[in-house]
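A short worksheet on the structure shown next.
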Amino acid sequence: MLLPPPPPPPAMASSAAAAAQAATPLLKDELDIVIPTIRNLDFLEMWRPFFQPYHLIIVQDGDPKKTIRVPEGFDYELYNRDDINRILGPRASCISFKDSACRCFGYMVSKKKYIYTIDDDCFVSFFPPFHPSINFASVRSVSVKV
Numbered sequence: 010m011l012l013p014p015p016p017p018p019p020a021m022a023s024s025a026a027a028a029a030q031a032a033t034p035l036l037k038d039e040l041d042i043v044i045p046t047i048r049n050l051d052f053l054e055m056w057r058p059f060f061q062p063y064h065l066i067i068v069q070d071g072d073p074k075k076t077i078r079v080p081e082g083f084d085y086e087l088y089n090r091d092d093i094n095r096i097l098g099p100r101a102s103c104i105s106f107k108d109s110a111c112r113c114f115g116y117m118v119s120k121k122k123y124i125y126t127i128d129d130d131c132f133v134s135f136f137p138p139f140h141p142s143i144n145f146a147s148v149r150s151v152s153v154k155v
């Protein structure tokens, strides 16, 4: 008769649980990433390991007739001035399109508890003393919706 294998030692069991927890991104269902932009979002490729699990709200600054390219594989909504005018009607003028202030519209349409915002010219740091991870010097703000 074969006996079942003994349970793993506590340290091993907790590391397995930690690995399973690490597989689920933090705040997956509670965080939107808002990006105001005037250009194609090729910069998202370097952020893919960090941002791909999350929903992106992209607000196009400038000419709404210009096509903004978003790399494949991201879950996103893309808004421009025409969308803002349609959604807000006569109140659309409250959303400024100067100095990336159009990100405020992204805050407004988010349905999540937390909002992270980043500009389209912020890049991941690969230089010492940073490990290849988020360069927190480029983080604009993290907002909590109330």
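Start counting the sequence shown at 10; every next residue gets the next number (my numbering). Quick reminder that beta carbons are idealized off the backbone N, C-alpha and C, glycines included.
Q) With 8 Å set as the bound, which would you pick, yes or no: does the beta-carbon of M117 sit closer than that to a beta-carbon of chain D? A) No chain D is part of this structure, which consists of one protein chain only.
Q. Could you give the C-beta distance for L87 and Q61, rounded to a whole number, given that I count them as a contact under 8 Å?
A. One-based indexing of the sequence shown puts residue 87 at position 78. One-based indexing of the sequence shown puts residue 61 at position 52. About 16 Å; that fails the 8 Å criterion.
Q) On the three-state DSSP scale, how would you describe Y116? A) Position 107 of the sequence shown, counting from 1, holds the residue named residue 116. DSSP places Y116 in helix when its eight states are reduced to three.
Q | 8 Å contact criterion, which D84 and L97 should meet: CB distance rounded | A | Along the sequence shown, one-based indexing puts residue 84 at 75. Along the sequence shown, one-based indexing puts residue 97 at 88. Wrong, their Cβ atoms sit about 24 Å apart, outside the cutoff.
Q: Determine the direct distance from the alpha carbon of N49 to that of R90, and round the result to whole angstroms.
A: Sequence index remark: in the sequence shown, residue 90 carries index 81 (1-based). Sequence index remark: in the sequence shown, residue 49 carries index 40 (1-based). Computed Cα separation, rounded: 16 Å.
(Q) Alpha carbons only, please: which of M55, D72, F114, M117 is nearest the one belonging to F164? (A) Nothing about residue 164 can be reported from this structure: the residues present for the chain run from 10 to 155 only.
Q | Beta bridge counterpart(s) of P62 as assigned by DSSP | A | Counted from its first residue, the sequence shown places residue 62 at position 53. According to DSSP, P62 bridges with nothing at all.
Q. Which class does E86 belong to by DSSP, given the choice of helix, strand or coil?
A. On the sequence shown, position 77 is the one that residue 86 refers to. Residue state, collapsed to three classes: strand.
Q | DSSP-derived helix/strand/coil call for S134 | A | To locate residue 134, count along the sequence shown from 1; it is residue 125. It is a strand residue.
**Q.** Span separating the alpha-carbon of L118 from that of V133
**A.** Within the sequence shown, numbered from 1, the residue matching residue 118 stands at position 109. Within the sequence shown, numbered from 1, the residue matching residue 133 stands at position 124. According to the sequence displayed, residue 118 carries Val and not Leu. Going from the Cα of V118 to the Cα of V133 covers about 27 Å.
Q.
Let me make sure I understand the geometry here. Which of P80, Y116, N94, T76 has the alpha-carbon closest to that of L53?
A. Taking the first residue of the sequence shown as 1, we reach residue 53 at position 44. Looking at the Cα atoms, P80 is the closest of the given residues.
Q) Looking only at DSSP bridge pairs, what is T46 linked to? A) In the sequence shown, counting from the first residue as 1, residue 46 sits at position 37. DSSP lists Q69 as the bridge partner or partners of T46.
Q) So what's D128 in DSSP terms, helix, strand or just coil? A) Reading the sequence shown from its first residue, position 119 is the one you call residue 128. Three-state result, D128: coil.
(Q) Going by beta-carbon coordinates alone, are Y123 and L40 separated by less than 8 Å? (A) In the sequence shown, counting from the first residue as 1, residue 123 sits at position 114. In the sequence shown, counting from the first residue as 1, residue 40 sits at position 31. The answer is yes: Cβ separation under 8 Å.
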